Amino acid sequence: MEIPQVDLSALLGPTESIIIGAPVVVIWLLSGIVSAMVATNKGRSGCGWFLLGFLLGPMGLILSLAVSRNQAVLEQRMVQRGEMQYCPYCAEPIRAEAIKCRYCGEGFGGDQSSSQSLYMR
Ligand SMILES: [Zn+2]
1 MEIPQVDLSA LLGPTESIII GAPVVVIWLL SGIVSAMVAT NKGRSGCGWF
51 LLGFLLGPMG LILSLAVSRN QAVLEQRMVQ RGEMQYCPYC AEPIRAEAIK
101 CRYCGEGFGG DQSSSQSLYM R
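Residues 1 to 121 (the UniProt record's numbering) make up the sequence shown, in order.
Shown next as structure tokens:
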């Protein structure tokens, strides 16, 4: 009587592991995606953090939340989007709307001249 029971559990074995394993894989995959999103917002490598989040699961997600921002990359992105510009006097990144540098105190009409050329058109 015991032999068919053993055979049955052996047949159910892989199926059960798939049923239990699938949500775990989804959680690990989601951790990878969220880690990549968090890291990208911090100016970090999205691909690298996706792999790290996928390998470590929720642990990778916690790491991505704890990692510091890469300020240089974030500034460069804002310059590319036109939200920031580099001061022509000290080369520090400042807001695009600024007419006076907050680092060196130099005043310049960067935004003024661009809006003037807009009216000329
Ligand atoms: Zn400056």
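For every residue, glycine included, the Cβ atom is placed at its ideal position computed from N, Cα and C.
It should be emphasised that the depicted structure is a prediction, and the values quoted were computed from it without experimental measurement.
Out of curiosity, what's the CA-to-CA distance linking residue i and residue j?
| i | j | result |
| --- | --- | --- |
| residue 108 | residue 70 | 28 Å |
| residue 90 | residue 62 | 37 Å |
| residue 111 | residue 18 | Caution applies to residue 111, whose pLDDT of 46 falls short of 50 and renders its modelled position unreliable; the model cannot decide the point. |
| residue 45 | residue 53 | 12 Å |
| residue 16 | residue 93 | 56 Å |
| residue 86 | residue 105 | 13 Å |
| residue 88 | residue 28 | 47 Å |
| residue 23 | residue 49 | 21 Å |
| residue 79 | residue 99 | 16 Å |
| residue 47 | residue 41 | 13 Å |
| residue 60 | residue 20 | 21 Å |
Are residue i and residue j closer than 9 Å when you measure CB to CB?
| i | j | result |
| --- | --- | --- |
| residue 14 | residue 31 | no |
| residue 65 | residue 43 | no |
| residue 102 | residue 84 | no |
| residue 67 | residue 39 | yes |
Who does residue i pair with in a DSSP beta bridge?
| i | result |
| --- | --- |
| residue 76 | According to DSSP, residue 76 bridges with nothing at all. |
Comparing alpha-carbon positions, which option in the options lies nearest residue i?
| i | options | result |
| --- | --- | --- |
| residue 33 | 51, 100, 87 | 51 |
| residue 97 | 82, 68, 55, 37 | 82 |
| residue 25 | 79, 56, 77 | 56 |
If we cut at 9 Å on Cβ distances, does residue i have a partner in chain C?
| i | result |
| --- | --- |
| residue 60 | Protein chain content of the structure displayed is limited to a single chain, and chain C is not contained in it. |
Kindly provide the chain-ordered list of residues whose Cβ lies closer than 6 Å to any non-hydrogen atom of ligand 1. 87, 89, 90, 92, 101, 103, 104, 106
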